[in-house]
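Structure, as structure tokens:
Protein chains in written order, with our numbering: chain A, 1 to 380; chain B, 1 to 380.
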């Protein structure tokens, strides 16, 4: 499968952004995070793992984006479709890109500059430098009106293909779990080996892997692995966000170590029922809240939520992005959105089971990107 | 090797922070990023990969830290030494922790609240919510006076042991590169297999891996891998930041595909000379700039810097953290700091070689945590 995107894809993203910027009276967008910068440039590197240097992308109301970046990234940015690349030698203890960014925005005569300020956004640069930038600007920085998040929420066919590829890789890795897990194997070893399976099946890297294992359910779904060996009667859960060409999958699978208890089997089947209930109604025009309620009715009888929070979320360049399947999120789903259906069920005091699938929203029935699981848990 | 830290280690970190807070007239610290929150709590999870929820830690001028976090993290935070854990059901579209955080800080009667604002810091929460927090506070938010970064820069023996463990794992993986790389193997396959080797040798996960391969040197050190097969005469570079129990190593190795050219051999030997020159002078009391100049004299004859930027940096809970080996950084090194020595050398138009080692600063000669490489490049 082809990596990257043709320039036309980025031109289209820019054109749509600029149309919305015009409606929101924005003269420029300022972007600072890895996915936002990559969305308009194709700049893909794990180097963001280093917090030492800020990176900026300026999208004017018309014309092409301008990269304002550390010189160490000039070679790689030069391989993208971006032509206007302005660099400084970072880290610079006296002026770490502040004046270069300020000059760039002032040079555009930008009066209203939008930057993401809404939920799950953050500004990836030091607050002290942010204050300096604002002092130096002739214009004013305001919320980007959600433009960046809204654009990213609806995926192109090429983006869907990459997420689908990531899902297929994880699916093959999950199918091989019986090779690596069983009674007596420490959970930490299972997680290490599962990452290896993901790589062998084609993942570029595995930024997220959570696992739990306990009798009748696990305590939470975000803990790193302990060295405790699996024992008969445990339910083992593995939840991975692996990446292919910069796009994530995010789904989990549950396995029974030894014979499955009736209690766990029933709970698992109910989770699959909940996924089915969500899938039955989810399509362009449905709201996130409606999908939540369809699933919540199955897993809690309609309690309206739990501490685990949402029953799914958007997915794409990040492990989680965009909408949440919660009662208060009334986002209207659109064809091209990719979301997870992630019902959880309490199976006892402080214990739960969670199941997750990744789907593409269409005008009709959703398309499952993850290999849809059946009601029966796989026995190890 | 034991995972985690005893409560005494966290108590010591808190006590030192509170002493410095007193000197800086700070009534509380507010922390929002993964390493800063983990430093005072031990809260270790890959769940930060999801940007959807903010997480807060409040450290009062006296007493224990207070975790203000999404309820999905309560179980895991409850396993740390933290006792005061306040949660909300996130994501909450109307109030995503804003009032809980504000109430917590106002409840402490905090007038001056420090948060990291200096180089390489950022605030991990939405700007719109940050504005709301500041409106709701009785006190004022100011720079944390670098306290968090200064504390984290000097490692405890237990922290050094974890970094050392990560270095040893990477060292064993590098020793096995001849198993996976050679003429005809695509670079992307080498990177995938190298991650597998890191996991097999004991890495918990591999958040960073960069690679380059070309005749006589590579174009940059941050690109993801292409599918181009290695060919005789290439220099292959692999640079990894793998993690063991939340601590990174960060060093690279260069390999010759087939016989080594005299040009590459000489350049590589010069990089080792530069590391030796840095190691000869680096100890408690030396400045970052002095170490830079000792190495720069070898690699450029004393040009004073290049676009690749620094010749090393701090290391620990992040791939890169703290000081930079550049002419303008006059940070005085202290025993217990862990840094990298990372000289680079231009080997032609747009080509370079980079070598990197990880060392512990002591009162005498530095202790190499990475298995110190000799002048001869390994031939594949």
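Note that beta-carbon positions come from the ideal geometry of N, C-alpha and C, so glycine has one too. Here the structure is a predicted model, which means the values were calculated and not measured.
Applying the criterion that 16 or more other CB atoms from any shown protein chain within 10 Å of the CB defines a buried residue, is residue i buried or exposed?
i: residue 97 (chain B); result: buried
i: residue 435 (chain A); result: Residue 435 (chain A) lies beyond the range of chain A shown here (1 to 380); nothing can be said about it.
i: residue 250 (chain B); result: buried
i: residue 227 (chain B); result: exposed
i: residue 207 (chain A); result: buried
i: residue 441 (chain B); result: Residue 441 (chain B) falls outside the range modelled here, since chain B spans only 1 to 380, and no answer is possible.
i: residue 7 (chain A); result: exposed
i: residue 62 (chain A); result: exposed
i: residue 237 (chain A); result: buried
i: residue 195 (chain B); result: buried
i: residue 135 (chain B); result: exposed
i: residue 313 (chain B); result: buried
i: residue 376 (chain B); result: exposed
i: residue 213 (chain B); result: buried
For residue i, return the contacting residues in chain B, with the cut-off set at a CB-CB distance below 7 Å.
i: residue 222 (chain A); result: 45, 47, 72, 73 and 76
i: residue 318 (chain A); result: 51
i: residue 219 (chain A); result: 75
i: residue 329 (chain A); result: 93
Using a Cβ-Cβ cutoff of less than 7 Å, which residues in the same chain neighbour residue i once the five nearest sequence positions on both sides are dropped?
i: residue 171 (chain A); result: 370 and 371
i: residue 231 (chain B); result: 183 and 257
i: residue 348 (chain A); result: 216 and 217
i: residue 204 (chain B); result: 243, 244 and 245
i: residue 191 (chain B); result: 209, 211 and 225
i: residue 76 (chain A); result: 43 and 45
i: residue 138 (chain A); result: 106
In chain A, which residues lie less than 9 Å from residue i when you measure between Cβ atoms?
i: residue 313 (chain B); result: 50, 52 and 91
i: residue 207 (chain B); result: 46, 49, 205 and 207
i: residue 128 (chain B); result: 117, 118, 119, 121 and 143
Under DSSP, the beta strand (DSSP E) around residue i begins and ends at which residues?
i: residue 292 (chain A); result: Residue 292 (chain A) -> not in any beta strand (DSSP E); alpha helix (DSSP H) instead, spanning 288 to 299.
i: residue 218 (chain A); result: Unbroken run through residue 218 (chain A): none, as it is neither H nor E.
i: residue 244 (chain B); result: 234 to 244
i: residue 28 (chain A); result: 28 to 31
i: residue 141 (chain A); result: 140 to 143
i: residue 253 (chain A); result: 251 to 256
i: residue 58 (chain A); result: 56 to 60
i: residue 353 (chain A); result: 351 to 354
i: residue 341 (chain A); result: 338 to 341
i: residue 84 (chain A); result: 84 to 88
i: residue 346 (chain B); result: 344 to 348
i: residue 113 (chain A); result: 112 to 115
Could you spell out where the alpha helix (DSSP H) holding residue i opens and where it closes?
i: residue 178 (chain A); result: 177 to 180
i: residue 98 (chain B); result: 98 to 107
i: residue 38 (chain A); result: 34 to 41
i: residue 360 (chain A); result: Premise fails: residue 360 (chain A) lies in the beta strand (DSSP E), 357 to 360, not in any alpha helix (DSSP H).
i: residue 7 (chain A); result: 7 to 23
i: residue 458 (chain B); result: There is no way to answer for residue 458 (chain B), as the model of chain B reaches only from 1 to 380.
Please go through the same chain and pick out, in chain order, the residues whose beta-carbon is closer than 6 Å to the beta-carbon of residue i, but skip the five residues on each side of it.
i: residue 124 (chain B); result: 32 and 33
i: residue 70 (chain A); result: 53 and 90
i: residue 197 (chain A); result: 173 and 176
i: residue 378 (chain A); result: 255
i: residue 164 (chain B); result: 369
i: residue 36 (chain B); result: 148
i: residue 41 (chain B); result: 80 and 82
In chain order, what residues of the same chain have a beta carbon less than 8 Å from the beta carbon of residue i, not counting five sequence neighbours either side?
i: residue 84 (chain B); result: 64, 65, 66 and 67
i: residue 151 (chain A); result: 13, 16, 17, 20 and 39
i: residue 222 (chain B); result: 210
i: residue 161 (chain A); result: 1
Going along chain B, which residues have a C-beta under 9 Å from residue i?
i: residue 326 (chain A); result: 89, 91, 92 and 93
Residue i touches chain B at which residues, Cβ-Cβ below 8 Å?
i: residue 210 (chain A); result: 45, 46 and 47
i: residue 237 (chain A); result: Within chain B, no residue comes near residue 237 (chain A); the closest Cβ sits about 14 Å away, beyond 8 Å.
i: residue 97 (chain A); result: Those within 8 Å of residue 97 (chain A) in chain B number zero; the least Cβ separation is about 11 Å.
i: residue 125 (chain A); result: 122
Check the Cβ of residue i against every Cβ in chain A and list those closer than 7 Å, keeping chain order.
i: residue 199 (chain B); result: 192, 195 and 196
i: residue 241 (chain B); result: 49
Chain A partners of residue i, CB-CB under 8 Å?
i: residue 310 (chain B); result: 91
i: residue 305 (chain B); result: 89
task: Determine contact between the segment 350 to 369 of chain A and the segment 263 to 282 of chain A, defined as no fewer than three beta-carbon pairs at a distance below 8 Å.
output: yes
- prompt: Is the segment 108 to 117 of chain B touching the segment 72 to 83 of chain B in the sense that three or more CB pairs, one from each, lie closer than 8 Å?
  reply: no
field: contact_flag[the segment 152 to 164 of chain B, the segment 335 to 342 of chain B] where n(CB pairs < 8 Å) is 3 or more
entry: yes
message: Below 8 Å, how does it come out for the segment 44 to 59 of chain B and the segment 310 to 325 of chain A: are there three or more Cβ pairs, yes or no?
response: yes
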